[in-house]
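Contents: one structure, followed by commentary.
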Amino acid sequence: ASKEYVPHPQEKKLNKLSEENIKRIAEVYRDFKEEEGFSRIVDKEEIKKNDYNLNVSLYVSPNEEEERINLEEEFKRLEALNVEYVQRFERVREYITEVLKAEEEKA
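Each position in the sequence shown, counted from 1, maps to that position plus 4 in the numbering used here.
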């Protein structure tokens with residue numbers, strides 16, 4: 005159930021449950037059923053072992069498909085970002101050099 009929410013556009017702590025999310029969670033609870041990656045029935049001993057912490061992630065691992073990445077494409081992207089970084093760094097260095105020269109001339 006940890007993936008049953010409407011994400012807040014900026015702040016993760018402000019996610020909320022939609023009516024549909026609430027209905028699904030309530031239905032699974034009422035029917036006392038397990039759904040892989042969504043709900044799991046645990047006994048009191050397991051809850052006790054977890055120091056009575058009821059955080060869902062301690063009991064249910066969400067089913068997440070691993071995203072396949074193209075390493076070659078990602079490496080090219082990283083190289084391009086690095087080139088951009090170096091160019092911007094050099095531009096900032098030039099600005100700072102100009103400012104320092106102007107300050108020296110004033111003195």
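Where a beta carbon is used, it is the ideal one built from N, C-alpha and C, also for glycine.
Between the CA atoms of Arg-97 and Glu-108 - distance to the nearest angstrom: Numbered from 1 along the sequence shown, position 104 holds the residue referred to as residue 108. Numbered from 1 along the sequence shown, position 93 holds the residue referred to as residue 97. Roughly 16 Å separates the two Cα atoms.
Residue environment, Val-64, which counts as buried when at least 16 other CB atoms sit within 10 Å: Reading the sequence shown from its first residue, position 60 is the one you call residue 64. The C-beta of Val-64 has 16 or more other C-beta atoms within 10 Å across all chains shown, which makes the residue buried.
Through-space distance from Glu-68 to Glu-31, alpha-carbon basis: Position 27 of the sequence shown holds residue 31. Position 64 of the sequence shown holds residue 68. Straight-line Cα distance between these residues: approximately 22 Å.
Extent of the continuous alpha helix (DSSP H) to which Ile-51 belongs: Here the question's residue 51 lines up with position 47 in the sequence shown. Its alpha helix (DSSP H) spans residues 48 to 53.
Beta-carbon proximity check, Ile-45 vs Glu-38, cutoff 8 Å: Start at 1 with the first residue of the sequence shown, and residue 45 comes out as number 41. Start at 1 with the first residue of the sequence shown, and residue 38 comes out as number 34. Against a cut-off of 8 Å, the Cβ pair of Glu-38 and Ile-45 comes out as a contact.
Contacts around Phe-36, its chain only, beta-carbon distance under 8 Å, and the 5 residues preceding and following it disregarded: Counted from its first residue, the sequence shown places residue 36 at position 32. Cβ neighbours of Phe-36 beyond the five flanking positions: Ile-45.
DSSP state of Glu-83 mapped onto helix, strand, coil: Taking the first residue of the sequence shown as 1, we reach residue 83 at position 79. In the structure shown, Glu-83 sits in a helix (DSSP, three-state: H, G or I).
Distance, Leu-104 Cα to Tyr-89 Cα: In the sequence shown, residue 89 corresponds to position 85, counting from 1. In the sequence shown, residue 104 corresponds to position 100, counting from 1. Going by the C-alpha atoms only, they are around 22 Å apart.
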